[in-house]
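These notes are about the structure you will find just below.
Number of protein chains: 2
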Amino acid sequence: MRENYIGLNEYSSKLLENAVNELSRLPGIGKRTALRMALFILKEDSLYADNLSKALVTLRNDICFCERCHNISDSDLCEICSNHKRDELTICVVEDTRDVIAIEKTTQFSGVYHVLGGVINPMEGLGPNDLTISHLIKRVAEEQIKEVILALPATVEGDTTNYYIYKMISHLTTKITTIARGVAIGDELQYADEITLGRSIVNRLPFAQTR
Amino acid sequence: MRENYIGLNEYSSKLLENAVNELSRLPGIGKRTALRMALFILKEDSLYADNLSKALVTLRNDICFCERCHNISDSDLCEICSNHKRDELTICVVEDTRDVIAIEKTTQFSGVYHVLGGVINPMEGLGPNDLTISHLIKRVAEEQIKEVILALPATVEGDTTNYYIYKMISHLTTKITTIARGVAIGDELQYADEITLGRSIVNRLPFAQTR
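Here you go:
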């Protein structure tokens, strides 16, 4: 029947096509998943489509960034920075909001954060001035910070950024630390990569310090 | 530091939390992917959030279903049913819109469709009256259909629905067919499941008929 085929656009509806196109711009979402989402929205009560779009538009238009730590926030000062029970003299430097959420989930840190908004990456044209590093230096200089914890990704770019920050603040604060790298809890040694295993041997701790 | 931990809600922003919650209701989307999507929307121009939400709300509120084939449509008669070049006397019966899209992509079918909106599934409380089967029977009775192609999923529910439809229309039309089941093109025989391979042997074709 090939010769009798009459071409049509892919979706029987322009509205559906438009929704699929917009949804498939989201990261990790292909056309097939986008179609599944669009059909789900069609099956749900129209309240869901309303709530979802309101949530997204409000998020995009009303979001603030904390004046102090640059984390995503609903107001000029984020919940963490405005919480007086947090240790304001210990700053944990992270790449983005997801790292803040991940560290908060551990419930092991009660200091405050500084969100860089990225790491130094010349290949992507990201230099120190595109990040919030100068504000971090100002905070460390003015606020008598006790400790700066560098919690950036263990990549070349993360290490470069660590080193750059270290050079800029080492004369301003007494203690600069980085998070521990090593074999993850629950992992078998034989499956750990060589570099991680190597580092975890070099940076071994007195047994009494571990829990 | 565990004892000094001061609890916070998971996301530093209620707006972000709300967007993540709404996004994670979509099928196949967990909290982590939803967060990634929300942060992507924040990084994009605000025009994207506007376009996406407009597309979703319009989809939900303005979509129609074709009066004739029940496919998703922008108007009372879908593009396929209103295209006079299509063979209106050959109806392909499918479960939902995704099947129409998949068959259209093959460019091997120039007839029209009938979208059931599901298959008979007593476990989920879906009986013949919840589907568009009675309208299909009416179409077959009134429109002098030449052929009805049953293209439902190869599941117990699909087979039940096939049989139900067959019983209801077998006295009304001359030809009722189902799509071929067999070893997929490009597949090795040894990896095909037994039932599929068995059916493809039983339903073998004269060599000259294959291409």
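One line per chain: the protein sequences are A and B, in this order.
Numbered per the working numbering, the first sequence spans residues 1330 to 1540.
Numbered per the working numbering, the second sequence spans residues 1330 to 1540.
For glycine and all other residues, C-beta sits at the position ideal for the given N, C-alpha and C.
Can you name, in chain order, every residue of its own chain whose Cβ lies under 6 angstroms from the Cβ of Pro1451/A, other than the five neighbours on each side?
For Pro1451/A, where only same-chain residues beyond five positions count, there are no Cβ hits under 6 angstroms.
task = Determine, using beta carbons only, whether Tyr1442/A and Cys1398/A come nearer to each other than 7 angstroms.
result = Yes; because the gap between Cβ atoms is below 7 angstroms, this pair is in contact.
List the residues of chain A that Tyr1520/B touches, going by C-beta distances under 7 angstroms, in chain order.
Residues of chain A passing the Cβ test: none, with the nearest at roughly 23 angstroms.
Original post:
In angstroms, rounded to a whole number, what distance separates the CA positions of Glu1408/B and Thr1506/B?
Top reply: Going by the C-alpha atoms only, they are around 25 angstroms apart.
Using a beta-carbon distance below 7 angstroms, is Cys1398/B in contact with chain A?
So no, Cys1398/B is outside the interface.
Interface flag, Leu1337/A vs chain B, CB-CB below 7 angstroms
Here the model assigns Leu1337/A a pLDDT of 48, short of 50, so the residue's position is not dependable, and the following value carries that caveat. So yes, Leu1337/A belongs to the interface.
Quiz item: Hey, out of Asp1488/A, Leu1534/A and Val1469/A, whose CA is closest to Leu1418/A's CA?
Solution: The shortest C-alpha separation from Leu1418/A is found at Val1469/A.
### Query
Around the Cβ of Ile1508/B, are there at least 16 other Cβ atoms within 10 angstroms (buried) or fewer (exposed)?
Ile1508/B should be labelled exposed.
Task: Contact with chain A by Leu1345/B, beta-carbon distance below 7 angstroms - done: Answer yes: the Cβ-Cβ gap between Leu1345/B and chain A drops below 7 angstroms somewhere.
**Q.** Beta carbon of Arg1365/B nearer than 7 angstroms to that of Pro1356/A
**A.** In contact: Arg1365/B and Pro1356/A (Cβ atoms closer than 7 angstroms).
Could you list which residues in chain A have their beta carbon closer than 7 angstroms to that of Ser1353/B, in chain order?
Within chain A, no residue has its beta carbon less than 7 angstroms from that of Ser1353/B; the closest one is some 11 angstroms off.
inquiry  = Distance check for Arg1427/B and Leu1455/A, CA to CA, integer angstroms please.
reply    = When the Cα atoms are used, Leu1455/A and Arg1427/B turn out to be separated by approximately 42 angstroms.
Review point. Mind checking if Ile1401/A is an interface residue toward chain B, Cβ cutoff 7 angstroms exclusive?
Key: It does: the Cβ of Ile1401/A has a partner Cβ on chain B nearer than 7 angstroms.
Exercise for review: Within its chain, find whatever has a CB closer than 6 angstroms to the CB of Asn1380/A; leave out the 5 residues flanking it on each side and keep chain order.
Suggested key: By the criterion of a C-beta distance shorter than 6 angstroms, Asn1380/A is surrounded by no residue of its chain, once the five residues flanking it on both sides are discounted.
- [ ] Could you work out which residues of chain A lie near Thr1503/B, taking near to mean beta carbons separated by less than 9 angstroms?
- [x] The contact set of Thr1503/B on chain A, defined by CB atoms closer than 9 angstroms, is empty, because the minimum CB distance reaches about 19 angstroms.
Item checked: Among Ile1474/B, Ile1478/B and Val1386/B, the one whose alpha carbon lies nearest that of Leu1445/B -> Distances from the CA of Leu1445/B to each of Ile1474/B, Ile1478/B and Val1386/B were compared; the closest alpha carbon is that of Ile1478/B.
### Task
Measure how close the beta-carbons of Ser1342/A and Asn1390/B come, nearest whole angstrom, since I'm counting them as under 8 angstroms.
The pair is not a contact, with the Cβ atoms about 13 angstroms apart (cut-off 8 angstroms).
#### Entry: Nonlocal neighbours in the same chain, by C-beta distance under 6 angstroms from Gly1487/B, ignoring five residues either side
The answer, listed in chain order, is Val1448 and Leu1481.
Checklist entry - By a C-beta neighbour count over all protein chains shown, 10 Å radius and 16 as the cutoff for buried, is Glu1351/B buried or exposed? => result Classification for Glu1351/B: buried.
**Message:** Relative to the C-alpha of Ala1348/B, which candidate in Ile1358/B, Gly1359/B and Ala1363/B has its C-alpha closest?
**Reply:** Of the candidates Ile1358/B, Gly1359/B and Ala1363/B, the one whose C-alpha sits nearest the C-alpha of Ala1348/B is Ala1363/B.
For Val1422/A, which residues from the same chain have a beta carbon less than 6 angstroms from its beta carbon, with the 5 sequence-adjacent residues on both sides left out? These residues qualify, in order along the chain: His1443 and Leu1479.
Who are the Cβ neighbours of Leu1345/B in its own chain at under 7 angstroms, not counting the five residues just before and after it? Ala1367, listed in sequence order.
* Asked: Taking DSSP as the reference, what is the three-state secondary structure of Ser1402/A?
  -> Note: Ser1402/A maps to strand in three-state DSSP.
message = For Arg1415/A, tell me which candidate among Asp1425/A, Val1512/A and Thr1436/A has the shortest Cα-Cα distance.
response = For Arg1415/A, the closest alpha carbon among the candidates Asp1425/A, Val1512/A and Thr1436/A is that of Thr1436/A.
- Rounded distance between the beta-carbons of Val1512/B and Leu1526/B, thought under 8 angstroms: About 6 angstroms separates the Cβ atoms of Leu1526/B and Val1512/B, confirming a contact at the 8 angstroms cut-off.
Q: Would you verify that the beta carbon of Met1330/B is, or is not, closer than 7 angstroms to some beta carbon of chain A?
A: Interpretation of Met1330/B is limited by its pLDDT of 37, a score under 50 that renders its predicted location unreliable; the figure taken from the coordinates is listed afterwards. The beta carbon of Met1330/B sits closer than 7 angstroms to some beta carbon of chain A.
Answer with yes or no whether the minimum CB distance from Cys1410/A to chain B is below 7 angstroms.
Judged by the 7 angstroms Cβ criterion, Cys1410/A is not in contact with chain B.
At a threshold of 6 angstroms, does Pro1451/A count as lining the ligand COA (C-beta to nearest heavy atom)?
No copy of the ligand COA occurs in the structure displayed, which carries no ligand at all.
Backbone secondary structure at His1500/A - three-state DSSP:
For His1500/A, the three-state secondary structure derived from DSSP is coil.
Quiz item: Does the beta-carbon of Asn1491/B have 16 or more other beta-carbons within 10 angstroms, so that it is buried, or is it exposed?
Solution: Within a 10 Å sphere around the beta-carbon of Asn1491/B sit 16 or more other beta-carbons, which makes this residue buried.
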